[in-house]
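Peer 1: Okay, handing you the structure first.
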Amino acid sequence: MGKIISQVTTNWDFNEAKNKAEAHLTSATAADKGNVFILAPNDGTARAIADAFKADSEVKSFKVTGQDAEKASVQYIIDGKQSMTVFKDVRTLVKDSIGMAVSVLENKEPETTGSYNNGKIDVKAKQTEVIVVKEDNVKSALIESGYYPATDFTGLK
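Take the sequence shown: its position 56, counted from the start at 1, is 141 in this note's numbering, and no numbers get skipped.
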């Protein structure tokens, strides 16, 4: 198991993510750059960080994750530049949110499927399926589901 070199806050800013990644790579020893794993807060920062790590010849390999299944990151996954993305289908999120809002407007109890503890209380929640999208399931998760057309990507298997 490797060590955590640093935890970095990027304020979800792609340029800040890339600049901080480059700064950490500059200050890291070659031994710390061998095989690297990065958890990015979203796909845009994941791509920015991936670009910085790919440009450093001392990085032997890296795995970077993001979330949101942005088109550009899906292409990065197909191209082997990003390892995975966490996909929450906005079609389902919107449908569930509207259903809950309508229930509240009708003075009904919204349907919930779980809860989340916010540090003070358990808050009822409507949990939505989360899909890990990797190169081997891009087609089934995003294309066959109708989320994106296959023509938006090159090299799709």
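Beta carbons are placed, not taken as given, at the ideal position from N, Cα and C, and that holds for glycine.
From a predicted model like this one, the values you see are computed outputs, not experimental measurements.
Please state whether DSSP places residue 161 in a helix, a strand or coil.
Peer 2: In the structure shown, residue 161 sits in a helix (DSSP, three-state: H, G or I).
Peer 1: Grab the span of the beta strand (DSSP E) containing residue 148 for me, first residue to last.
Peer 2: 146-152 is the span of the beta strand (DSSP E), which, as asked, contains residue 148.
Peer 1: Measuring alpha carbon to alpha carbon, tell me which residue in 162, 144 and 129 is nearest residue 114.
Peer 2: Of the listed residues, the one whose Cα sits closest to residue 114 is 144.
Peer 1: Which same chain residues end up closer than 6 Å to residue 184 when comparing Cβ atoms and leaving out the 5 residues on each side of it in sequence?
Peer 2: Closer than 6 Å at the Cβ level, and outside the excluded window around residue 184, lies no residue.
Peer 1: So if DSSP puts residue 221 in a beta bridge, which residue, or which two residues, is it bridged to?
Peer 2: BP columns for residue 221 are empty, so no partner.
Peer 1: Rounded to a whole number of angstroms, what is the C-alpha to C-alpha distance between residue 125 and residue 217?
Peer 2: Distance between the alpha carbons of residue 125 and residue 217 is about 14 Å.
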